[in-house]
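**Q** Before I ask anything, here is the structure I am working with.
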Amino acid sequence: MSLTAAAVRRPVTTIAATLAIVLLGSVSLGRLPVSLLPDVTLPVLTIRTLYAGAAATEVSRFIAEPVEEAIAATPGLVELRSVSRNGEVTTTARFSWGTNMQTTLLDVRERLDNARSRLPERAERPTLLTSDPGERPIAVLSLTGTGDMRLIARTAEEVHAMKRMSPLPVRLSTAIGRSPGSLVSSVG
């Protein structure tokens, strides 16, 4: 007997089941929290360590291995991967869902600080990056030019100063650097 045939033969049962589902849905809807921008923190940490002038094999042996050993016993760790390139290594640590990433971030930072003595002296301190979608830039503005570097820097500073004039809470960051033959200023 198909579901459709049973529903046609027993209309009272069908109506009662439908009303029960609607009632349960209405009660559940009232109890579910709804947020325009829910807090979605992905359980992923990225550790970036720079070791200027080192080949990828050296970076793998002297940076990636000690970093991986240092954080391998972190509670909730599901997966640990490292990608070594000339002069840098990027280690991605994925944790189980439900892991408190604020305490995990502190725990990983402490473990990395303890492992700092096993890293080469020329290696920079490992940088921790979270995968919080709310921290990613919504817009990036780049100013380029071949003219006067001070003029471009002043323009970037004016854009950065706009944050104080905005009626909305705005988070801007400015980075000014030199590209081959021009100045690049990013405001994100």
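In this note's numbering, the protein residues as written are 1 to 188. Note that CB positions come from ideal geometry on N, CA and C, so glycine has one too. Predicted, not measured: the structure shown is a model, and the values here were computed from it.
Whose CA, out of 6, 104, 69, lies closest to the CA of residue 95?
**A** The option with the nearest alpha carbon to residue 95 is 104.
**Q** Among 123, 4, 111, which one has its Cα closest to the Cα of residue 59?
**A** Measuring from the Cα of residue 59, the nearest candidate turns out to be 123.
**Q** Find the nearest neighbour of residue 128 within the set 92, 2, 159, judged by alpha-carbon distance.
**A** Measuring from the Cα of residue 128, the nearest candidate turns out to be 92.
**Q** Look up residue 124 in the DSSP assignment and say whether it is helix, strand or coil.
**A** DSSP places residue 124 in coil when its eight states are reduced to three.
**Q** Thinking C-alpha only, which one of 89, 23, 41, 17 is nearest residue 126?
**A** The option with the nearest alpha carbon to residue 126 is 89.
**Q** Could you say which of 143, 76, 82 lies nearest to residue 107 if we only look at CA atoms?
**A** The residue with the shortest Cα to Cα distance from residue 107 is 76.
**Q** What distance in whole Å lies between the Cβ atoms of residue 112 and residue 47, which are believed to be in contact at a cut-off of 8 Å?
**A** Confirmed, about 7 Å.
**Q** Would DSSP call residue 145 helix, strand or coil?
**A** In the structure shown, residue 145 sits in a strand (DSSP, three-state: E or B).
**Q** Mind listing, in chain order, the continuous beta strand (DSSP E) runs of no fewer than 3 residues lying wholly within the stretch 27–83?
**A** With a minimum length of 3 residues, the continuous beta strand (DSSP E) runs that stay inside the stretch 27–83 are 44–50.
**Q** Which of the three DSSP states is assigned to residue 91 in this structure?
**A** In this structure, residue 91 counts as strand in the three-state DSSP scheme.
**Q** With which residues is residue 129 paired in a DSSP beta bridge?
**A** Beta-bridge pairing links residue 129 to 46.
**Q** For residue 85, collect the residues of the same chain with a Cβ closer than 6 Å to its Cβ; drop the 5 residues on either side in sequence, then sort them by chain order.
**A** Correct list, in chain order: 56.
**Q** Kindly identify the DSSP beta-bridge partner or partners of residue 109.
**A** None, per the DSSP bridge assignment.
**Q** Could you compute how far the alpha carbon of residue 45 sits from the alpha carbon of residue 20?
**A** Spanning the two alpha carbons is a distance of roughly 45 Å.
**Q** Look up residue 85 in the DSSP assignment and give the residues it is bridged to.
**A** DSSP, once it has assigned bridges, lists 88 as partnering residue 85.
**Q** Tell me the DSSP secondary structure of residue 98 in three-state form.
**A** Residue 98 falls in the coil class under three-state DSSP.
**Q** Give a yes or no on whether the C-beta atoms belonging to residue 49 and residue 67 are separated by under 8 Å.
**A** Yes, the pair counts as a contact, with Cβ atoms nearer than the cut-off.
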